[in-house]
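Enquirer: First to last, the sequence lines map onto chains B and C.
For the first sequence, my numbering begins at 209 and goes up steadily by one.
For the second sequence, my numbering begins at 209 and goes up steadily by one.
Yeah, the Cβ is synthetic: ideal placement off N, Cα and C, and Gly gets one too.
2 protein chains.
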Amino acid sequence: MKRTFAVDPWMIATHQFHPEDKRLQESLTAIGNGYMGMRGNFEEQYSGDQLSGTYLGGVWFPDKTRVGWWKNGYPAYFGKAINAPSFLPIRIKVNEQPVDLAKNSFRDFYLALDLRQGLLTRQFIYEGDQVEVRFEFQRFLSNVVKEAALINVKATVLSGKATITFDAGLEGRVANEDSNYDERFWEPQAEDPTQKTIQLQTKPNPYDVPQFTVLLKQQLRVNHQPVTGVVTTGNGWLNEQIVADLAAGETYQLEKDVIVVTSRDVAPSDQQQTAAALMTTLQTHSFSEQLAAHTQLWAQRWEQSDVVIEGDLAAQQGIRFNIAQLFMTYYGEDKRLNIGPKGFTGEKYGGATYWDTEAYIVPMYLAVTPPDVTRALLQYRHDQLPGAYHNAQQQGLAGALFPMVTFNGIECHNEWEITFEEIHRNGAVAFAIYQYTAYTGDESYVNRDGIEVLVGIARFWADRVHFSKRANQYMIHGVTGPNEYENNVNNNWYTNTMASWTLSYTLARLPKANADVVAKLAVTAEEKAKWQDIIDRMYYPVDDELGIFVQHDTFLDKDLRPASSIPADQRPINQYWSWDRILRSPFIKQADVLQGIYFLNDRFTQAQKERNFDFYEPMTVHESSLSASIHAILAAELGKTEKAVALYARTARLDLDNYNNDTDDGLHITSMSGSWLSIVQGFAGMRYDHDRLRFKPFLPKEWHRFSFKINYRGRLLAVDVSEEVNVILLAGPSIDIEVNGELKHLEKGDDHA
Amino acid sequence: MKRTFAVDPWMIATHQFHPEDKRLQESLTAIGNGYMGMRGNFEEQYSGDQLSGTYLGGVWFPDKTRVGWWKNGYPAYFGKAINAPSFLPIRIKVNEQPVDLAKNSFRDFYLALDLRQGLLTRQFIYEGDQVEVRFEFQRFLSNVVKEAALINVKATVLSGKATITFDAGLEGRVANEDSNYDERFWEPQAEDPTQKTIQLQTKPNPYDVPQFTVLLKQQLRVNHQPVTGVVTTGNGWLNEQIVADLAAGETYQLEKDVIVVTSRDVAPSDQQQTAAALMTTLQTHSFSEQLAAHTQLWAQRWEQSDVVIEGDLAAQQGIRFNIAQLFMTYYGEDKRLNIGPKGFTGEKYGGATYWDTEAYIVPMYLAVTPPDVTRALLQYRHDQLPGAYHNAQQQGLAGALFPMVTFNGIECHNEWEITFEEIHRNGAVAFAIYQYTAYTGDESYVNRDGIEVLVGIARFWADRVHFSKRANQYMIHGVTGPNEYENNVNNNWYTNTMASWTLSYTLARLPKANADVVAKLAVTAEEKAKWQDIIDRMYYPVDDELGIFVQHDTFLDKDLRPASSIPADQRPINQYWSWDRILRSPFIKQADVLQGIYFLNDRFTQAQKERNFDFYEPMTVHESSLSASIHAILAAELGKTEKAVALYARTARLDLDNYNNDTDDGLHITSMSGSWLSIVQGFAGMRYDHDRLRFKPFLPKEWHRFSFKINYRGRLLAVDVSEEVNVILLAGPSIDIEVNGELKHLEKGDDHA
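1) Answer with yes or no whether the minimum CB distance from Ser786(B) to chain C is below 8 Å.
2) Would you list, in sequence order, the uninterrupted beta strand (DSSP E) runs of no fewer than 3 residues that lie entirely inside the stretch 421-494 of chain B?
3) When the Cα of Gln740(B) is compared with those of Arg792(B), Gln681(B) and Ile841(B), which residue comes out closest?
4) Determine the direct distance from the alpha carbon of Asn695(B) to that of Tyr713(B), and round the result to whole angstroms.
5) From this set, Asn413(C), Ala284(C) and Asp386(C), which residue's C-alpha is nearest Glu395(C)'s C-alpha?
6) Just list the residues that DSSP pairs Trp394(C) with in beta bridges.
7) In this structure, does DSSP put Thr714(B) in helix, strand or coil?
8) State yes or no: is the beta carbon of Thr762(C) nearer than 8 Å to at least one beta carbon in chain B?
9) Is the shortest distance between the beta-carbon of Asp748(B) and the beta-carbons of chain C less than 8 Å?
10) When the Cα atoms are used, what is the spatial distance from Gly265(B) to Ile756(C)?
11) Between which residues of its own chain and Ala857(C) is the CB-CB distance below 7 Å, once the five residues before and five after are set aside?
12) Where does the unbroken alpha helix (DSSP H) through Glu234(B) begin, and where does it stop?
13) Taking 8 Å as the CB-CB cut-off, is Trp624(C) touching chain B?
14) Any idea if Pro749(B) is buried or exposed, counting beta-carbon neighbours within 10 angstroms, 16 or more meaning buried?
15) Identify, in the order they occur along the chain, each residue of the same chain with its Cβ nearer than 7 Å to the Cβ of Pro690(B), setting aside the five sequence neighbours on each side.
16) Beta carbon of Glu555(B), beta carbon of Glu385(B): below 8 Å?
17) If you measure beta-carbon to beta-carbon, which residues of the stretch 377-395 of chain B are closer than 8 Å to chain C?
18) Is it the case that the stretch 348-360 of chain C contacts the stretch 454-465 of chain C, given that we only count it when at least three CB pairs across the two stretches are under 8 Å?
19) Compute the distance between the beta-carbons of Thr553(B) and Ala214(B), then report whether it is under 8 Å.
20) If we count the other Cβ atoms within 10 Å of its Cβ and call it buried at 16 or more, is Ala483(C) buried or exposed?
21) For the putative contact between Ala289(C) and Gly595(C), defined by C-beta atoms under 8 Å, what is the C-beta separation to the nearest angstrom?
22) Is the beta carbon of Ile665(B) sitting closer than 8 Å to the one on Val687(B)?
23) Name the residue from Asp308(B), Ile298(B) and Met246(B) whose alpha carbon lies nearest to the alpha carbon of Pro227(B).
24) Is there a Cβ from chain B that is less than 8 Å from the Cβ of Tyr693(C)?
25) Say whether chain C places a C-beta atom closer than 8 Å to the C-beta of Val275(B).
26) So which residues on chain C does Tyr282(B) lean against when the C-beta distance must stay under 9 Å?
27) Whole angstroms is fine: what's the gap from Glu541(C)'s alpha carbon to Val581(C)'s?
28) Please report the straight-line C-alpha distance between Ser786(B) and Arg792(C), rounded to a whole angstrom.
29) Rounded to a whole number of angstroms, what is the C-alpha to C-alpha distance between Leu259(C) and Leu499(C)?
30) Could you give the distance in angstroms between the alpha-carbon of Val663(C) and the alpha-carbon of Leu729(C)?
31) Cβ of Val382(B) within 8 Å of Cβ of Leu423(B)?
32) Tell me, which residues are paired with Asn360(C) by DSSP?
33) Do you know offhand how far Gln814(B)'s Cα is from Ala733(C)'s?
34) Mind listing the chain C neighbours of Gly604(B)? Cutoff is C-beta to C-beta under 7 Å, in chain order.
35) Thinking C-alpha only, which one of Met209(B), Lys210(B), Arg211(B) and Leu232(B) is nearest Asp872(B)?
36) Is Thr262(B) helix, strand or coil by DSSP?
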């Protein structure tokens, strides 16, 4: 654990700067607006260790993976959202001396990310030779004009005289740290010193993945008025120099406005013109006016989603940090995008879409964002159905296999044990459709696009199972379950369960779906009979003596023992143990059987839940950031409140306290929903199956009170838990909900239920 | 199937040259002398498609593998015997026109590899503008001076006048086709135009693998007299030009003698001098004299190893080709070397050592080479014990884990499912010690170095098993058996069997071993008790109803069906099916349970052998070149003679007839023993357990007669099978052997037994 920022309800702020924590600090001060995002790199030059990262949503490259032994059905490439040309640089010299915090003397450092609106500010006093200058930076990526980045630097000479040179630039000579053999992904196309633009294209690839062209444009302003400095350009870069001569006490403020357009939206030949128009619009307002409009949009988001915790300031900060970072990553504006495990905050996981979205983000977003945001996530999968059919076909299978990792629907990860074995993701994609429908009551998705997805997945499962003559049952061999600390197992209970569930749900939805869509899908009676036969004769490993569902066929043959038997200095085991030892151990990375019990919560008895929790949780090492929250929710349901709170603690400040010692790579974006789920589905016990919103709350011991807001079927509700429980209908028509098993009728204006 | 060379008892010869078969032809005309080897590339320039390959035994490079997701215990690099600087080039111009068979007009092409001594000859008549020249090449790698390559080119002008320019060179600007991002592995060090040498070094690596320095020296001769042409050099290359003006009917003969020394034997600073001395020695004799001495050594080898087949010329050619290629790869001179799956004939499998050596080569080499050749193979493993201990430690395990792929004992493959799962190789390494001891009767290896290997392996197994409390038995989870069409299985019968066998054999050998060595090994009573407990309580999957040993825990749950159910146009399945489909299928790549029955042949009843053969063989697709021979031997033993002959046919001419359509990559060197094993252990039914050599021969229907020679405990025996069976003692003391269950007493001079 390492806490580098002060505890505060709304700010991620520090007065400390330690070069050894630079990467960690960069991750924690990342900002984004769904269209693009960036790590908290410095504007001015920095010669110390850092991880430069600017990422544009959906701009990626199919990197070579054919190193080693390639086999049929392996993905052709490893997709990654590449480090994009940077619009950040404002290199600074004071009296010809470069400002570089890795080398200079400075004081009064302050760095702060305001969670209210994703505004990053930074200050320090530069101590030069007979001169002192205070620098103040502000930066945000606009939610109003998505293509816009606004950067502001203010220099105040505190003593001495300063000739300050600002070199504000656009930099296309960027690389990925994870590139093979230092390969570069960008090729310069053009630089225009008059328009102050650079244009670059991703290099060609042999995989039919489109090349992306981006254009970056900058316009400087001083005192809100456009200015033009001395512009120089080179291959893939542009620099604009402004020099200010300042006496002591004088202040100079330089604003750098940036527009970034990509060929995802604008044809390369139109980019110059489009960017110019966007810049004109942007500059009709001052930096402060733009920030105000941007902040206004954020206020609306917080109005519908804020969680208040009293009595635990660290927890308060944690949950707001998580919500803010999630919203900076995705708020549903672009249905072609999704949420990568690290969002826009690092290179790891390649910025691609994982099953995390359906499993962990959807249940939160349903409640904290307007329904169309979640629906956009579902739409994303529907729009990628051709890719999913392609993936199944690559394995010689029918139907649709949604990818484990993707940009365009086509699988692009580079481990076979993940790509075609971790097929349980297909269950989560189907289950998200159920969740959306059950929560919103909106059947318009499931009845048209949704049924296409469901039938595609059902057809996959029907082909992927095999019939074991010996057992007289259907089985699913060769899978990796959610517990990635085992792989290539047979009859993973979770996978078999979700496969069968998908077939049932699809059969149940088909008769209600849009007739034209159903006709096009042409599911035959024979197919339906086969699906029903699979449902009826699916094999599930169980152990009657232990009274548990068994993770997979031979799990109980392992040397079973609790995680507490692992010496403390060998944790996390993924850093200390060989992969061989991990695979053969009984230790579970994240919820597996329990993930199924979480999803299909209403199917199981309390006793079943308890026996499985008590069996599996002690063997779980929670080394996936996605693990603790699911366990916290089940622990809460089982009345194991202390356990629930302890597990929640691991999710709430995972990045802020750098629990896993890996936040320097980037933030754990997709697991950030875990703290919200722990509070809402765990502590407040929210459930929503069977068309009824229900709560069964408890108040964690250390807390005085917690409250949160949710939207539900056209209503905005506030749930307030202290010694008593209040649910208030803030907006929308009256509704009956259940609290601790009792039905409550809520009307707008009532102050509690 | 594609047969590009004529059927002949001793020659691999053709009058055909088809550019599309160039790579295949190059593989089939590869030559080697154990120290180095090369594909059958042309001396003169060739602008068409080809795979250039010259390889020096033990000269390799640790190539980068960290692409993708690296985990603890994965090998740090992928080792490969790299394409070495070439000493082959003799570029030719006739009247300023380059001779290039991809472009020129020519006739009377002839290419021949003489199996008697590994001499490659080539001829063609070049048809130029008003000129015709016959070129005749000869090339061999000397068995007398291992560092020497001798190349001879003779030009005869048939019509017109010819100014012939020979550019004989040393070429260090070579690459591997399989290199990542076209990386080069060699860095030029020096060129000496006077000494006519070039020296290069492998590039630095971060893995503590030594850099290799090689020096190549050439000396031309005309009419057996040294000559010097015009020498030019560049970075990493040297060229020596000789020009000859010839009238019609005139002949010019140029000989290129080459010495190659490497830092494996000679320090870089001494290489110049050593090479000069070797060259002086070499040139004390003419090309023909050197060839004669070389051929004499080959004659001795054939004297002890030839197999004669009457009535099937194709089979005759096949077995001699296989023996010759094996001997060109390895004859035990350098204990630091071993036998790679492709020998010196291609890049695939990286020229490294696999378990193939112990499993398939040792049982043949024991009989066809002097005992010290096989012993050198055993010694190789002993000398690499530190690497084996390192490999186990990388997995967090005790004892010695011999590598799946290696140069120096350290695992260097790049698939986890192979490296730390295919641990059955440790059993084969131990079993080779048993085989050597049982065959030769020589206990001096097993009692000293061998016991160190055995104890290392035993300690590994004792730590690698785990105790299943539920089953009250020891188990081995997470392995890949010999059948690589499944992986990460539990309790592979073969692996469990060989693990337990190793523990038993080690316990049995310990009391007989050298006391000093045993004292140093310090095996405690507790350890021995643990080993015995594992032997006593090892779990083996069996099915009593089917009466078979089960390949692994859940094999019988598969959709079991015979390989004959696979449509013909989907074979081989590894070319047509996804890896997912293959892994989940019941189809077996190569003998797995049956490999165990082959090794521990005397442990099983005829009925057990039969039931297992009948169960597994029909599901076996034999897509490993190592598969058919084991099945042929068991089929022969079970009296399924037609099956045995059919299976043998796949091994005998695998490369000559390009059965698997992959010989263009190189020859299947380590499986070449399969045809010999099929004949000797299969058709002749040779066994040698329990200190008794036994035969139980049958004559394949199409054959009139077959005979072979074996050495056995200081004797040379000839076994001759026609309508009757004769075993003749050619050399050594009298011996009792068993033929068809009858004891026969053999004396030297008797003409049959």
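Expert: Inspection of the coordinates gives the following:
1) Indexing the first sequence from 1 puts residue 786(B) at position 578. Yes, contact with chain C.
2) Qualifying beta strand (DSSP E) stretches, in chain order: 421-430, 433-435, 438-442, 445-454 and 459-470.
3) As a working note, residue 740(B) is residue 532 in the first sequence. Taking the Cα of Gln740(B) as reference, the smallest distance to any Cα among Arg792(B), Gln681(B) and Ile841(B) is reached at Gln681(B).
4) In the first sequence, the residue the question calls residue 713(B) occupies position 505. In the first sequence, the residue the question calls residue 695(B) occupies position 487. The straight-line gap from Cα to Cα measures roughly 27 Å.
5) By 1-based counting over the second sequence, the position of residue 395(C) is 187. Nearest C-alpha to Glu395(C): Asn413(C).
6) Numbered from 1 along the second sequence, position 186 holds the residue referred to as residue 394(C). Looking at the DSSP assignment, Trp394(C) forms a beta bridge with Thr410(C).
7) Stepping through the first sequence from its first residue, residue 714(B) is reached at position 506. Helix at Thr714(B).
8) The residue you call residue 762(C) lines up with position 554 of the second sequence. Output row for Thr762(C): interface = yes.
9) For the purposes of this step, residue 748(B) is taken as the residue at position 540 of the first sequence. A quick correction: the sequence has Tyr, not Asp, at residue 748(B). With 8 Å as the cut-off, Tyr748(B) does not count as an interface residue toward chain C.
10) In the first sequence, residue 265(B) corresponds to position 57, counting from 1. In the second sequence, residue 756(C) corresponds to position 548, counting from 1. Take the alpha-carbon of Gly265(B) and the one of Ile756(C): they are about 57 Å apart.
11) Counted from its first residue, the second sequence places residue 857(C) at position 649. Setting aside the 5 residues that flank it on each side, Ala857(C) has no residue in the same chain whose C-beta is closer than 7 Å to its C-beta.
12) Stepping through the first sequence from its first residue, residue 234(B) is reached at position 26. From DSSP, the alpha helix (DSSP H) with Glu234(B) extends over Lys230 to Leu236.
13) The sequence position of residue 624(C) within the second sequence is 416, counting from 1. Interface residue (Cβ-Cβ distance to chain B less than 8 Å): Trp624(C) is classified as such.
14) If you number the first sequence from 1, residue 749(B) lands on position 541. Looking at its Cβ environment, which holds 16 or more other Cβ atoms inside 10 Å, Pro749(B) is buried.
15) Residue 690(B) sits at position 482 when you count from the first residue of the first sequence. So the list reads His632, Tyr702, Gln798, Ala799, Asp800 and Gln803, once near-sequence residues are dropped.
16) For the purposes of this step, residue 555(B) is taken as residue 347 along the first sequence, with counting starting at 1. For the purposes of this step, residue 385(B) is taken as residue 177 along the first sequence, with counting starting at 1. The answer is yes: Cβ separation under 8 Å.
17) For the stretch 377-395 of chain B, which is checked against every Cβ of chain C, the residues closer than 8 Å are Asn388, Tyr389 and Glu391.
18) Between the stretch 454-465 of chain C and the stretch 348-360 of chain C, the count of Cβ pairs shorter than 8 Å is three or higher; the stretches touch.
19) For the purposes of this step, residue 553(B) is taken as residue 345 along the first sequence, with counting starting at 1. For the purposes of this step, residue 214(B) is taken as residue 6 along the first sequence, with counting starting at 1. Taking a C-beta distance under 8 Å as the contact criterion, Thr553(B) and Ala214(B) do not qualify as a contact pair.
20) Walking along the second sequence from the start, residue 483(C) turns up at place 275. Buried, by the Cβ-count rule.
21) If you number the second sequence from 1, residue 289(C) lands on position 81. If you number the second sequence from 1, residue 595(C) lands on position 387. Not really, about 17 Å apart at Cβ, beyond 8 Å.
22) Locating residue 665(B) in the first sequence gives position 457, counting from the first residue. Locating residue 687(B) in the first sequence gives position 479, counting from the first residue. Not closer than 8 Å, so no.
23) If you number the first sequence from 1, residue 227(B) lands on position 19. For the residues Asp308(B), Ile298(B) and Met246(B), the minimum Cα distance to Pro227(B) belongs to Asp308(B).
24) Counted from its first residue, the second sequence places residue 693(C) at position 485. Not an interface residue.
25) The count along the first sequence starts at 1 and reaches residue 275(B) at position 67. Confidence at Val275(B) is low in this model, with a pLDDT of 49, below 50, so its placement is unreliable and no value can be given for it.
26) Within the first sequence, residue 282(B) is the residue found at index 74, counting from 1. Within chain C, the residues near Tyr282(B) are Ser786 and Trp787.
27) Mapped onto the second sequence, residue 541(C) falls at position 333. Mapped onto the second sequence, residue 581(C) falls at position 373. When rounded, the distance between both Cα atoms is 7 Å.
28) Against the first sequence, residue 786(B) aligns to sequence position 578. Against the second sequence, residue 792(C) aligns to sequence position 584. Approximately 26 Å, taken between the alpha carbons.
29) In the second sequence, residue 259(C) corresponds to position 51, counting from 1. In the second sequence, residue 499(C) corresponds to position 291, counting from 1. Here the alpha carbon of Leu259(C) sits roughly 27 Å from the alpha carbon of Leu499(C).
30) By 1-based counting over the second sequence, the position of residue 663(C) is 455. By 1-based counting over the second sequence, the position of residue 729(C) is 521. Those two C-alpha atoms are separated by around 8 Å.
31) As a working note, residue 382(B) is residue 174 in the first sequence. As a working note, residue 423(B) is residue 215 in the first sequence. In this structure, Leu423(B) does not lie closer than 8 Å to Val382(B) by Cβ.
32) Start at 1 with the first residue of the second sequence, and residue 360(C) comes out as number 152. According to DSSP, Asn360(C) shares a beta bridge with Gln346(C) and Glu463(C).
33) Taking the first sequence and counting its residues from 1, one reaches residue 814(B) at position 606. Taking the second sequence and counting its residues from 1, one reaches residue 733(C) at position 525. Distance between Gln814(B) and Ala733(C), taken at the CA atoms: about 51 Å.
34) The residue you call residue 604(B) lines up with position 396 of the first sequence. Simply Trp785, Ser786 and Arg789.
35) In the first sequence, residue 872(B) corresponds to position 664, counting from 1. Taking each of Met209(B), Lys210(B), Arg211(B) and Leu232(B) in turn and checking the Cα distance to Asp872(B), the smallest one comes out for Leu232(B).
36) Counting from one through the first sequence, the residue named residue 262(B) turns up at place 54. Looking at Thr262(B) - three-state DSSP - the assignment turns out to be strand.
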